[in-house]
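Contents: one structure, followed by commentary.
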Amino acid sequence: MNDKIFELLNQPLIVINLGLNKFAEALESQKVDVIHVDWKPPAGGDKEMIDLLDNLL
Amino acid sequence: MKNGFLIRKNQYYDSVFLMGFNSRIMGTKGVQQSAVLMATDTNKEVLVNLGFHSADFQTATPNDLIIAVIADTQSVLNELFANVDHSLTEVRGTKTVSNLHSLSEALEAKPAANLTVISVPGEFAAYEAKKSLEAGVNVFLFSDNVPVEDEISLKKYAYEHGLLVMGPDCGTSLLQGIGIGFANSVRKGNIGAIAAAGTGLQEFTCMVHNQGYGISHAIGAGGRDLSDAVIGLTTLSALDILDQDSKTDVIAIIAKLPGEKSLGLLIEKIKQCRTPVIGCFLGIRNSIDGEEVIFKRAKTIDEAVFLAIRQIDKERSTSPEPMPPLPLKSGYTPQRWLPEQRYLRGIFAGGTFCYQSQEILNKMGIDINSNAPLDKHLKLQHPDFSKEHTIVDMGDDFYTIGKPHPMIDSTQRKLRILKEANDPQVAILLLDFILGYNSSEDPVGKLVDSIQAAQKIFNKRGGHLTVVASICGTDGDSQDITMQTKLLNEAGVVVFNSNAQATEYCGNLINGGLRR
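For the record, the sequence lines run as chains F and L.
Note that the numbering used here has the first sequence beginning at 170, numbered continuously upward.
Note that the numbering used here has the second sequence beginning at -8, numbered continuously upward.
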């Protein structure tokens, strides 16, 4: 099994937060290394465009 | 009555911010109704249901903010809209805005990241989760309304690449003592846990803490993980890593209505574990192959806590003492019910509590109707309309699409409590209060006025409303569990520190006093 999954249990958590800012604040209050993303729907929320981008990834 | 709306192009806000801003508008004199939403297709439908015309916001995109208001006069609307930008700035406060605008930018900024927490609207969540997994980063997916096909595809990818996807619709995890999503302040210890979604895991971890023990890791797998479509891919991975974890001496699995195939795969996996396993499978009435041989079976979350503690502390052979009902206000007697008062109404924020309460009451011979029923014959025709004994899961998708969860925003629970109070057949109101990170800062305070208003309605009729509640929380939670309990006691509410105990108390009231 990949080491990445074990990092969750054994290494300091390093978190990227996408969405509710409150979640990042709660992690910060627990002294977690976290960065918050000022997220907006990708491709202006156009689902067809998202699917196209998704296929390109 | 006048209605009007305003669109702010390219101003995206999260649902908690929108809730705060909407509360502010609703508090304006002369405002009857308001909705502050991002212009997704689902939210546009909400506006149409409020009486707005879809043509007016046809061109708005999910990046655009819509503020729709119904007010007494045009001048109220004019004044409100003239001050919108100023009000938005005020609600936003002095918080620093992140200069990162996408997951890719964040991955560049934090190349050593090992977890992405995603709580964006469900329709975009799988896209972001996939990007995170492809970058080799585990995912905690809080978002709900993610299509099941996307869930399967994400979890298969994660399983094949040695990564973990907690969710979608995953409310809670506690990793290395750190609470993610809706979690409580719980001490570290040697009991591990895996649960489908949120409140079951919160209840288990809080009870372990409140008994003086601690949690190594508690992993949320997502509400659908143990369905036969998803076949428990996250639960199986979580069991693997907890079994190999040197800090975990016993593992408790809490699940509601696991699919037959998933349960079979899980039992096979448990057989291979070296660590003892406790299984609490709510909604499974028959015996399970291997129970009491390869795993110990618990009927309730409380029993799972007891069995887990007994496993690590052999001296604790007696059942943990249930918390006795706290002293009641003088004058409380169930005999004050009127003859027409016959039914229980449970208005819950916690989905697992909804299942557990139904199961306990069912075993006591009491059929419960629900929007999330254990028995499909007892499904409410419409979630908004209770029938006889009813328990409603207010965290169900029906109530949360485009709106914050009832653990954050109590508005919908408040309205439902008052609605139930207008039914003279109600005798008992059963509630749950959930403390912890990211929950409402004052869950009891937000509902106590409506509890008291409901009690007054019954008093006026010459009857009595019995209110019973459970509080899920610890002494470390910021909401102050002692103060929350005191507030309920002062309102004449019978308070327990577990949903199972509160439910059993209600069952005894029904069997002892209401069956007449």
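Ideal placement from N, C-alpha and C gives every residue a C-beta, glycine not left out.
Between GLU176 of chain F and chain L, is there a C-beta pair that is closer than 9 angstroms?
Closer than 9 angstroms: yes.
Please report the distance separating the alpha-carbon of ASN129 of chain L from that of LEU233 of chain L.
If you take the alpha carbons of ASN129 of chain L and LEU233 of chain L, they lie about 16 angstroms apart.
Can you give the beta carbon distance from LEU196 of chain F to ASN186 of chain F, rounded, assuming they're within the 8 angstroms contact cut?
With a Cβ gap of about 7 angstroms, LEU196 of chain F and ASN186 of chain F count as contacting.
Which residues in the same chain have their Cβ closer than 6 angstroms to the Cβ of ASP414 of chain L, if we skip the five residues on either side of it in sequence?
Closer than 6 angstroms at Cβ, skipping near neighbours: no residue.
Pick from L:ASN54, L:PHE376 and L:PHE12: whose alpha carbon is nearest that of GLU81 of chain L?
Comparing Cα positions, the closest option is L:PHE12.
Are the segment 62 to 76 of chain L and the segment 42 to 50 of chain L touching by the rule of at least three beta carbon pairs closer than 8 angstroms?
Contact fails: fewer than three Cβ-Cβ distances are below 8 angstroms.
Taking all protein chains shown into account, do 16 or more other C-beta atoms lie within 10 angstroms of the C-beta of MET218 of chain F, making it buried, or fewer, making it exposed?
Counting Cβ neighbours within 10 Å, MET218 of chain F comes out exposed, since fewer than 16 surround it.
Around the C-beta of GLU99 of chain L, are 16 or more other C-beta atoms found within 10 angstroms, so that it is buried, or is it exposed?
Around the beta carbon of GLU99 of chain L, fewer than 16 other beta carbons sit within 10 angstroms, so the residue counts as exposed.
Going by beta carbon distance, what residues of the same chain come within less than 6 angstroms of GLY168 of chain L, once the five residues before and after it are set aside?
Hits under 6 angstroms: LYS179.
Tell me which residues of the segment 82 to 97 of chain L have at least one Cβ-Cβ distance to chain C shorter than 8 angstroms, keeping chain order.
Note that chain C does not occur in the displayed structure, where the protein chains are F and L.
If you count every other CB in all the chains shown that lies within 10 Å of the CB of PHE449 of chain L, and 16 or more means buried, which is it?
Note on PHE449 of chain L: 16 or more other CB atoms within 10 angstroms of its CB, so buried under the neighbour-count rule.
Checking contacts by CB at 9 angstroms: is LEU221 of chain F closer than that to chain L?
Under the 9 angstroms criterion on CB atoms, LEU221 of chain F is classed as non-interfacial with respect to chain L.
Does the separation of the CB atoms of CYS497 of chain L and LEU421 of chain L fall below 9 angstroms?
A contact, by the Cβ cut-off of 9 angstroms.
Going residue by residue through the segment 129 to 216 of chain L, where are the continuous alpha helix (DSSP H) segments of at least 4 residues, counting only ones entirely within it?
Whole alpha helix (DSSP H) segments, 4+ residues: 139 to 151 and 190 to 201.
Going by beta carbon distance, what residues of the same chain come within less than 6 angstroms of HIS208 of chain L, once the five residues before and after it are set aside?
The residues are LEU166 and GLY183.
If we cut at 9 angstroms on Cβ distances, does GLU119 of chain L have a partner in chain F?
Yes, its Cβ sits closer than 9 angstroms to a Cβ of chain F.
Evaluate SER321 of chain L with the Cβ neighbour count: other Cβ atoms within 10 Å of its Cβ, from every protein chain shown; 16 or more gives buried, anything less gives exposed.
No answer about SER321 of chain L holds up, because its pLDDT of 41 lies below 50 and its placement is not dependable.
Any beta-carbon of chain F closer than 9 angstroms to the one on VAL139 of chain L?
Not a single C-beta of chain F is nearer than 9 angstroms to the C-beta of VAL139 of chain L.
What residues in the segment 51 to 70 of chain L have a beta carbon less than 9 angstroms from any beta carbon of chain F?
Within the segment 51 to 70 of chain L, THR52, PRO53, ASN54 and ASP55 place their CB atoms closer than 9 angstroms to a CB of chain F, listed in sequence order.
Please report the straight-line C-alpha distance between ALA149 of chain L and TYR428 of chain L, rounded to a whole angstrom.
Cα atoms of ALA149 of chain L and TYR428 of chain L: separation of roughly 27 angstroms, rounded to the nearest angstrom.
With distances taken from CA atoms, which of L:VAL39, L:VAL22, L:GLY21 and L:THR19 is nearest LEU511 of chain L?
This structure does not reach residue 511 of chain L, given that chain L is present from -8 up to 507, and the question cannot be answered.
For LEU426 of chain L, the nearest candidate out of L:ILE109, L:GLY503, L:ALA299 and L:MET474 (CA to CA)
Relative to LEU426 of chain L, the option among L:ILE109, L:GLY503, L:ALA299 and L:MET474 whose CA is nearest is L:MET474.
Against chain F, which members of the segment 104 to 133 of chain L pass a CB distance test of less than 8 angstroms?
Across the segment 104 to 133 of chain L, CB contacts with chain F closer than 8 angstroms involve ALA104, ASN105, LEU106, THR107, VAL108, ILE109, SER110, VAL111, PRO112, GLU114, PHE115, TYR118, GLU119, LYS121, LYS122, SER123, GLU125, GLY127, VAL128, ASN129 and PHE133, in sequence order along the chain.
Pull up the distance between the alpha-carbon of GLY341 of chain L and that of ALA188 of chain L, whole angstroms please.
About 10 angstroms.
Compare the beta carbon distance of ALA220 of chain L and ILE143 of chain L with 9 angstroms and say whether it is the shorter of the two.
Going by C-beta atoms, ALA220 of chain L is nearer than 9 angstroms to ILE143 of chain L.
So HIS205 of chain F is in the beta strand (DSSP E); what residue range does that whole segment cover?
Taken as a continuous stretch (DSSP letters only), the beta strand (DSSP E) holding HIS205 of chain F covers 202 to 206.
In terms of residue numbering, what span does the alpha helix (DSSP H) encompassing GLN492 of chain L cover?
Run containing GLN492 of chain L: 490 to 500, per the alpha helix (DSSP H) assignment.
Using the beta-carbon count (16 or more within 10 Å), is GLY453 of chain L buried or exposed?
Its Cβ having fewer than 16 others within 10 Å, GLY453 of chain L is exposed.
Grab me the residues of PHE344 of chain L's own chain with a C-beta within less than 7 angstroms of its C-beta, minus the 5 sequence neighbours each way, in chain order.
Hits under 7 angstroms: THR190, ASP423 and ASN490.
Quick check on PRO330 of chain L: buried or exposed, where buried means 16 or more other Cβ atoms within 10 Å of its Cβ?
Counting the other Cβ atoms within 10 Å of the Cβ of PRO330 of chain L gives fewer than 16, which makes it exposed.
What residues match up with ASP384 of chain L in a beta bridge as DSSP calls it?
According to DSSP, ASP384 of chain L shares a beta bridge with L:PHE339.
Run through the DSSP bridge pairs and tell me what TYR118 of chain L is partnered with.
DSSP output for TYR118 of chain L lists no bridge partner at all.
Starting from ILE261 of chain L, follow the alpha helix (DSSP H) in both directions and report where the run begins and ends.
That run of the alpha helix (DSSP H) goes 251 to 263.
Do ASP240 of chain L and PRO267 of chain L come within 9 angstroms of each other at the CB atom, strictly closer than that value?
Cβ distance < 9 angstroms, so PRO267 of chain L and ASP240 of chain L count as in contact.
Who are the Cβ neighbours of ASN54 of chain L in its own chain at under 6 angstroms, not counting the five residues just before and after it?
The beta carbon of ASN54 of chain L sits closer than 6 angstroms to those of ASN1 and TYR3, all from its chain and outside the five residues before and after it, given in chain order.
Own chain partners of ALA493 of chain L with C-beta closer than 7 angstroms, once the 5 adjacent residues on each side are dropped:
LEU421, VAL459, ALA460, SER461 and PHE487, listed in sequence order.
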